[in-house]
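Asks:
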Amino acid sequence: MFKAHYNNTKCKTAVGVGLGRLKLLLNKKRVQVVGMRREVSQLLATQKEESARIRVEGVMREQNMISVLDICELFCELLNVRLQQIDASKDCPSDLQEAVATVMFVAVRVTDIPELSQISQQLELKYGKNFVKNAQNEQTALASGVNKVVVEKMAVRPPPPEAKLALLQEIAAEHNVQWDATTATNRILGDTQSAYLDISPAEGAQAGAGGYYPNAAAEPQGPAPDAPPLPDVPPAGYTPSGPDKYA
Numbered sequence: 002m003f004k005a006h007y008n009n010t011k012c013k014t015a016v017g018v019g020l021g022r023l024k025l026l027l028n029k030k031r032v033q034v035v036g037m038r039r040e041v042s043q044l045l046a047t048q049k050e051e052s053a054r055i056r057v058e059g060v061m062r063e064q065n066m067i068s069v070l071d072i073c074e075l076f077c078e079l080l081n082v083r084l085q086q087i088d089a090s091k092d093c094p095s096d097l098q099e100a101v102a103t104v105m106f107v108a109v110r111v112t113d114i115p116e117l118s119q120i121s122q123q124l125e126l127k128y129g130k131n132f133v134k135n136a137q138n139e140q141t142a143l144a145s146g147v148n149k150v151v152v153e154k155m156a157v158r159p160p161p162p163e164a165k166l167a168l169l170q171e172i173a174a175e176h177n178v179q180w181d182a183t184t185a186t187n188r189i190l191g192d193t194q195s196a197y198l199d200i201s202p203a204e205g206a207q208a209g210a211g212g213y214y215p216n217a218a219a220e221p222q223g224p225a226p227d228a229p230p231l232p233d234v235p236p237a238g239y240t241p242s243g244p245d246k247y248a
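Quick note: to get the numbering used here, add 1 to the position in the sequence shown (first position is 1).
#1: What is the rounded straight-line gap between the Cα of Met155 and the Cα of Glu63?
#2: Among Val34, Glu51, Leu79, which one has its Cα closest to the Cα of Asn65?
#3: Could you give the first and the last residue of the continuous alpha helix (DSSP H) run that contains Val157?
#4: When you compare only the Cα positions, how much space is there between Ile120 and Ala46?
#5: Could you tell me whether the region 158-169 touches the region 40-60, where touching means 3 or more Cβ pairs closer than 8 Å?
#6: Is the region 69-81 close to the region 20-29, with three or more CB pairs under 8 Å?
#7: Considering only residues of the same chain and omitting the five flanking positions on each side of Ile67, which have a CB-CB separation below 8 Å?
#8: Closer than 7 Å by C-beta to Leu143: which residues in its own chain qualify, once you throw out the five before and the five after it? Chain order, please.
#9: Quick one: any contact between the region 104-111 and the region 133-142, if contact means 3 or more CB pairs under 8 Å?
#10: Got a sec, what are the start and stop residues for the alpha helix (DSSP H) Pro115 sits in?
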């Protein structure tokens, strides 16, 4: 059976076309984000805070994608100028591992640019299936050299409440919206959680171990003034005698 081999010409074509698509997609998403941020500011201006809190997650997602595509574009440009080195080397050069692994990681997560998959397929023929498998798996991506920012930005998880609040404040300031963030802070972070925002890691560990209350008064030493008196407790080893023996 005929076995496919790495084709440097095909890889070069895919990288070139992919770079063009990346630039177009980046421009499109940047325009979209400007409109999305404007919509969020309008919601804040009209006191529709609940809707703004939902919409701002979409802004965060698109901004994360822009960051990922920016990095991917940079690495594709690097691959483009190093294709001869890739063609001549048996193993992935150490200074290209991050670029190669990151493009492979993004290729299976960004379907708008099919050329990324074509690049990944050619590099798989060059460096083997295990290399691609480890680079594309979120659990082994960092160890395989995938860019840390890309892994974090593409992680599938809800955005941190603090980040949502910060972005809402940024958008309000950007569009000169008079918005009171105090109420939003309590709703987004919660009264209890907001009290813990400035806790250090050591204090956080203390809180998890035994209960830590920031800004609270010092713990009282002894019973409260209105507490009932403590009963007399006999010392250890005490044996009752006399009338107390039958009490």
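By construction, the Cβ of each residue, glycine as well, lies at the ideal position given by its N, Cα and C atoms. Please read all numbers here as calculations on a predicted model, not as lab measurements.
Replies: To lay it out plainly:
#1: Position 154 of the sequence shown, counting from 1, holds the residue named residue 155. Position 62 of the sequence shown, counting from 1, holds the residue named residue 63. Taking the straight line from one Cα to the other gives about 11 Å.
#2: As a working mapping, residue 65 is identified with position 64 in the sequence shown. Out of Val34, Glu51, Leu79, Val34 has the C-alpha closest to the C-alpha of Asn65.
#3: Position 156 of the sequence shown, counting from 1, holds the residue named residue 157. Run containing Val157: none; DSSP gives neither H nor E here.
#4: Locating residue 120 in the sequence shown gives position 119, where the first residue counts as 1. Locating residue 46 in the sequence shown gives position 45, where the first residue counts as 1. Approximately 46 Å, taken between the alpha carbons.
#5: yes
#6: Below 8 Å, enough C-beta pairs join the region 69-81 and the region 20-29 to call them touching: three or more.
#7: On the sequence shown, residue 67 is found 66 positions in, with the first residue counted as 1. So the list reads Leu27, Lys30, Arg31, Val34, once near-sequence residues are dropped.
#8: Residue mapping note: residue 143 aligns to position 142 of the sequence shown, counting from 1. These residues qualify, in order along the chain: Lys149, Val152.
#9: A contact exists between the region 104-111 and the region 133-142.
#10: Taking the sequence shown and counting its residues from 1, one reaches residue 115 at position 114. Here the alpha helix (DSSP H) through Pro115 covers 115-128.
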